[in-house]
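Participant:
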Amino acid sequence: MNRRDRVANGSARTTRREFLKAASASFAAVALGAHSKKAHAAVPRVVVVGAGYGGATAAKYIRKWSGGRIEVTVVEREVAFVSCPTSNLVIGGSRQLADITVPFDGLTKRGVRVVRDEALDIDPAARSVKLGRGETLGYDRLILSPGVDFIYDDIPSLASPEAQARVLHAWKAGPQTAALRAQLEAMPHGGVFAIHIPKAPFRCPPAPYERACQVAHYFSTRKKKSRIIVLDANEEIQAKKAFFTGAWDSLYKGYVDYRPNSALVDVDLATRTLKLDFENVTADVINVVPPQRAGAIARRVGMANANDRFCQVDFLTYESTAQRGIHVLGDAIQVAPLMPKSGHMANQHAKVCAAAVVALLSGEEVNPAPVIANTCYSYVDDKRVGHVTSVHA
Numbered sequence: 000m001n002r003r004d005r006v007a008n009g010s011a012r013t014t015r016r017e018f019l020k021a022a023s024a025s026f027a028a029v030a031l032g033a034h035s036k037k038a039h040a041a042v043p044r045v046v047v048v049g050a051g052y053g054g055a056t057a058a059k060y061i062r063k064w065s066g067g068r069i070e071v072t073v074v075e076r077e078v079a080f081v082s083c084p085t086s087n088l089v090i091g092g093s094r095q096l097a098d099i100t101v102p103f104d105g106l107t108k109r110g111v112r113v114v115r116d117e118a119l120d121i122d123p124a125a126r127s128v129k130l131g132r133g134e135t136l137g138y139d140r141l142i143l144s145p146g147v148d149f150i151y152d153d154i155p156s157l158a159s160p161e162a163q164a165r166v167l168h169a170w171k172a173g174p175q176t177a178a179l180r181a182q183l184e185a186m187p188h189g190g191v192f193a194i195h196i197p198k199a200p201f202r203c204p205p206a207p208y209e210r211a212c213q214v215a216h217y218f219s220t221r222k223k224k225s226r227i228i229v230l231d232a233n234e235e236i237q238a239k240k241a242f243f244t245g246a247w248d249s250l251y252k253g254y255v256d257y258r259p260n261s262a263l264v265d266v267d268l269a270t271r272t273l274k275l276d277f278e279n280v281t282a283d284v285i286n287v288v289p290p291q292r293a294g295a296i297a298r299r300v301g302m303a304n305a306n307d308r309f310c311q312v313d314f315l316t317y318e319s320t321a322q323r324g325i326h327v328l329g330d331a332i333q334v335a336p337l338m339p340k341s342g343h344m345a346n347q348h349a350k351v352c353a354a355a356v357v358a359l360l361s362g363e364e365v366n367p368a369p370v371i372a373n374t375c376y377s378y379v380d381d382k383r384v385g386h387v388t389s390v391h392a
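Numbering that gives the first Met the number 0 puts the first residue of the sequence shown at 0, with every later residue one more than the last.
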């Protein structure tokens, strides 16, 4: 409603602000009424593990949509959030880590308790989470947004932390992002950068190809004789194929050598050689993105029930199909067909989950037909982008 409608119709019409105020009061009444049946019952408690795009969003909206009537605790081991989306721009040199780093102040201002610790174990029967420093948190609903862990089982030479520190993935934004940028800066003019992409599914399907563009942009302005080899274990580019091939053929002609069906067998650390099924590729800087699976805390309680890698969920609530009362968000879930693993998707999962948790803890009906959307932008240089959108119902 606009201001003109309100003036013309006088007090008989309700403004949007008045409606939202009334709706909030109505929820509070429902929540209090539902819990007053249990004499002096405690305030509902939600624990969220992980404060990325999924976890932080869920925490924010549970507090907001419950009118502050639900207690929310977030467990996060990092001191600040570093965004994976746009982190390739740090590797390309047009952004700094500080540009994509955000503190958790916004959560605390909304009344969310943020505990800097690591969730070590879950007791689903007792509805509790054990933390690294000894604290145990009880919950009525638990939300896991644990991201992904890497699978090095089929890359023997990268099994040790020491080897992983030399051959970077930079697939979790933070220190490795800056370290990969430093390796590129130290690389000799005329050197070769090689990136290996695992078989899908993996976090953010367009991101490896965007990374190739960002490195190509850096080489085209600073190291014109250097080259990029993209070794893809998949049969073809997994997202925005025409967009990326168009950029490589026009903006970066001669810089990018794309090779599909390049399954990785192992790595020779001494010579920086990627051993593939049908060839070996040696480069000055090698960037291996390993296969991925749900974060350890989800796997520890048997929730990775899709190929022992990802977590199956009920898409109306994002509640695990393996453990009642526990919800899973983001890259850790087994996504529906055509649903990518992306930051925007994690945000959308979180909003549906938050609404469902508020409903479940207030005795209300869960939305039977949520609709979510995804938008993904990819940079081919420091300014130009391409995007895809999709709707999932």
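Built from N, CA and C at the ideal position, the CB exists for glycine as well.
Secondary structure at Leu119, three-state DSSP: helix, strand or coil?
Facilitator: Position 120 of the sequence shown, counting from 1, holds the residue named residue 119. Strand, per DSSP.
Participant: Evaluate the contact criterion for the stretch 251–262 versus the stretch 217–228: three or more CB pairs, one atom per stretch, below 8 Å.
Facilitator: Touching, yes, given that three or more Cβ pairs across the two stretches are closer than 8 Å.
Participant: Quick one: what's got a C-beta closer than 8 Å to Met302's C-beta in the same chain, skipping five residues either side?
Facilitator: For the purposes of this step, residue 302 is taken as residue 303 along the sequence shown, with counting starting at 1. So the list reads Leu143, Ala293, Cys310, Ser319, Ala321, Gln322, Ile325 and Val327, once near-sequence residues are dropped.
Participant: Quick one: residues in its chain with C-beta nearer than 6 Å to the C-beta of Met186, no 5 flanking neighbours on either side, listed in chain order?
Facilitator: If you number the sequence shown from 1, residue 186 lands on position 187. Closer than 6 Å at Cβ, skipping near neighbours: Asp283 and Val284.
Participant: Quick one: what does DSSP say His386 is sitting in, helix, strand or coil?
Facilitator: Taking the sequence shown and counting its residues from 1, one reaches residue 386 at position 387. Note: His386 maps to strand in three-state DSSP.
Participant: For the structure I just gave you, are there three or more beta carbon pairs, one from the stretch 64–78 and one from the stretch 198–211, closer than 8 Å?
Facilitator: Touching, no.
Participant: Can you look up Phe26 in the DSSP assignment and give me helix, strand or coil?
Facilitator: Here residue 26 refers to the residue found at position 27 of the sequence shown. Here Phe26 scores only 40 on pLDDT, less than 50, and its place in the model should not be relied on; the value that follows carries that caveat. Reduced to three states, the DSSP call for Phe26 is helix.
Participant: In angstroms with no decimal places, state the Cα-to-Cα distance between Val365 and Gly131.
Facilitator: Stepping through the sequence shown from its first residue, residue 365 is reached at position 366. Stepping through the sequence shown from its first residue, residue 131 is reached at position 132. Spanning the two alpha carbons is a distance of roughly 34 Å.
Participant: Thinking C-alpha only, which one of Ala41, Val42, Val47 and Lys63 is nearest Ala354?
Facilitator: Position 355 of the sequence shown, counted from the start, is the residue given in the question as residue 354. Closest option to Ala354, Cα to Cα, is Lys63.
Participant: Cα separation between Val357 and Gln213?
Facilitator: Residue 357 sits at position 358 when you count from the first residue of the sequence shown. Residue 213 sits at position 214 when you count from the first residue of the sequence shown. Each residue's Cα considered, the two are about 42 Å apart.
Participant: In or out: Val101 buried (at least 16 other Cβ within 10 Å) or exposed?
Facilitator: Position 102 of the sequence shown holds residue 101. Label assigned to Val101: exposed.
Participant: Suppose you measure from the CA of Asp330 to the CA of Arg308; what does that come to, to the nearest Å?
Facilitator: Sequence index remark: in the sequence shown, residue 330 carries index 331 (1-based). Sequence index remark: in the sequence shown, residue 308 carries index 309 (1-based). Going from the Cα of Asp330 to the Cα of Arg308 covers about 11 Å.
Participant: Please go through the same chain and pick out, in chain order, the residues whose beta-carbon is closer than 8 Å to the beta-carbon of Ile112, but skip the five residues on each side of it.
Facilitator: Reading the sequence shown from its first residue, position 113 is the one you call residue 112. What sits at residue 112 in the sequence shown is Arg, not Ile. Closer than 8 Å at the Cβ level, and outside the excluded window around Arg112, lie Glu70, Val71, Thr72 and Val73.
Participant: Under three-state DSSP, which class holds Arg210?
Facilitator: Taking the sequence shown and counting its residues from 1, the one referred to as residue 210 is at position 211. The answer is helix: DSSP assigns Arg210 an H, G or I state.
Participant: By Cβ distance, which residues of its chain are closer than 6 Å to Gly91, with the 5 residues on each side in sequence left out?
Facilitator: Walking along the sequence shown from the start, residue 91 turns up at place 92. Closer than 6 Å at Cβ, skipping near neighbours: Gln213, His216 and Tyr217.
Participant: Select from Lys129, Tyr60, Phe149 and Gly133 the residue whose C-alpha is nearest the C-alpha of Thr107.
Facilitator: By 1-based counting over the sequence shown, the position of residue 107 is 108. The shortest C-alpha separation from Thr107 is found at Tyr60.
Participant: Kindly provide the ranges of any alpha helix (DSSP H) runs that are 4 or more residues long and lie completely inside the stretch 240–322, ordered along the chain.
Facilitator: If we require 4 residues or more, the alpha helix (DSSP H) runs fully inside the stretch 240–322 come out as 240–249 and 295–299.
Participant: Just to confirm the assignment, what range does the beta strand (DSSP E) spanning Gly54 have?
Facilitator: Your numbering for residue 54 matches position 55 in the sequence shown. It is not in any beta strand (DSSP E) - Gly54 instead sits in the alpha helix (DSSP H) that spans Tyr52 to Trp64.
Participant: Can you list, in chain order, the stretches of the alpha helix (DSSP H) that have 4 or more residues and sit fully within the stretch 82–168?
Facilitator: Correct list: 87–91, 104–108 and 160–165.
Participant: State the CB to CB distance for the pair Leu360 and Pro43, rounded to an integer number of angstroms; the pair is presumed to be in contact (CB under 8 Å).
Facilitator: Start at 1 with the first residue of the sequence shown, and residue 360 comes out as number 361. Start at 1 with the first residue of the sequence shown, and residue 43 comes out as number 44. 4 Å between Cβ atoms; contact.
Participant: Cβ atoms of Ala169 and Gln175: under 8 Å apart, would you say?
Facilitator: Numbered from 1 along the sequence shown, position 176 holds the residue referred to as residue 175. Numbered from 1 along the sequence shown, position 170 holds the residue referred to as residue 169. Against a cut-off of 8 Å, the Cβ pair of Ala169 and Gln175 comes out as a contact.
Participant: Suppose the cutoff is 6 Å on Cβ atoms and the five residues either side in sequence are ignored; what does the same chain contact list for Gly190 look like?
Facilitator: Start at 1 with the first residue of the sequence shown, and residue 190 comes out as number 191. Ser225 and Asp283, listed in sequence order.
Participant: Identify every residue that forms a DSSP beta bridge with Ser377.
Facilitator: Along the sequence shown, one-based indexing puts residue 377 at 378. For Ser377, which the question treats as bridged, DSSP gives the partners Gly385.
Participant: Would you please state the rounded distance, in angstroms, between the beta carbons of Asn286 and Leu167? I believe it to be under 8 Å.
Facilitator: Taking the sequence shown and counting its residues from 1, the one referred to as residue 286 is at position 287. Taking the sequence shown and counting its residues from 1, the one referred to as residue 167 is at position 168. Right, their Cβ atoms sit about 6 Å apart.
Participant: Out of curiosity, what's the CA-to-CA distance linking Asn304 and Phe243?
Facilitator: Taking the first residue of the sequence shown as 1, we reach residue 304 at position 305. Taking the first residue of the sequence shown as 1, we reach residue 243 at position 244. Their backbone Cα atoms lie some 34 Å apart in a straight line.
Participant: From the DSSP output, in three-state form, read off Phe201 for me.
Facilitator: Translated into the one-based positions of the sequence shown, residue 201 becomes position 202. Three-state result, Phe201: coil.
Participant: Rounded to a whole number of angstroms, what is the C-alpha to C-alpha distance between Arg271 and Glu161?
Facilitator: Stepping through the sequence shown from its first residue, residue 271 is reached at position 272. Stepping through the sequence shown from its first residue, residue 161 is reached at position 162. Their backbone Cα atoms lie some 15 Å apart in a straight line.
Participant: DSSP three-state label for Arg44, please.
Facilitator: Looking up residue 44 in the sequence shown gives position 45. Three-state DSSP puts Arg44 in a strand.
Participant: To which residues of the same chain is Gly54 closer than 6 Å at the C-beta, ignoring the five residues directly before and after it?
Facilitator: For this step, residue 54 is matched to residue 55 along the sequence shown. Hits under 6 Å: Val47 and Ser144.
Participant: Would you mind giving the Cβ-Cβ distance between Ala178 and Ile194, rounded to the nearest angstrom? I have them listed as a contact below 8 Å.
Facilitator: Counted from its first residue, the sequence shown places residue 178 at position 179. Counted from its first residue, the sequence shown places residue 194 at position 195. Not confirmed; about 15 Å, so no contact.
Participant: With DSSP collapsed to three states, give me the class of Glu75.
Facilitator: Within the sequence shown, numbered from 1, the residue matching residue 75 stands at position 76. Glu75: strand per DSSP, three-state reduction.
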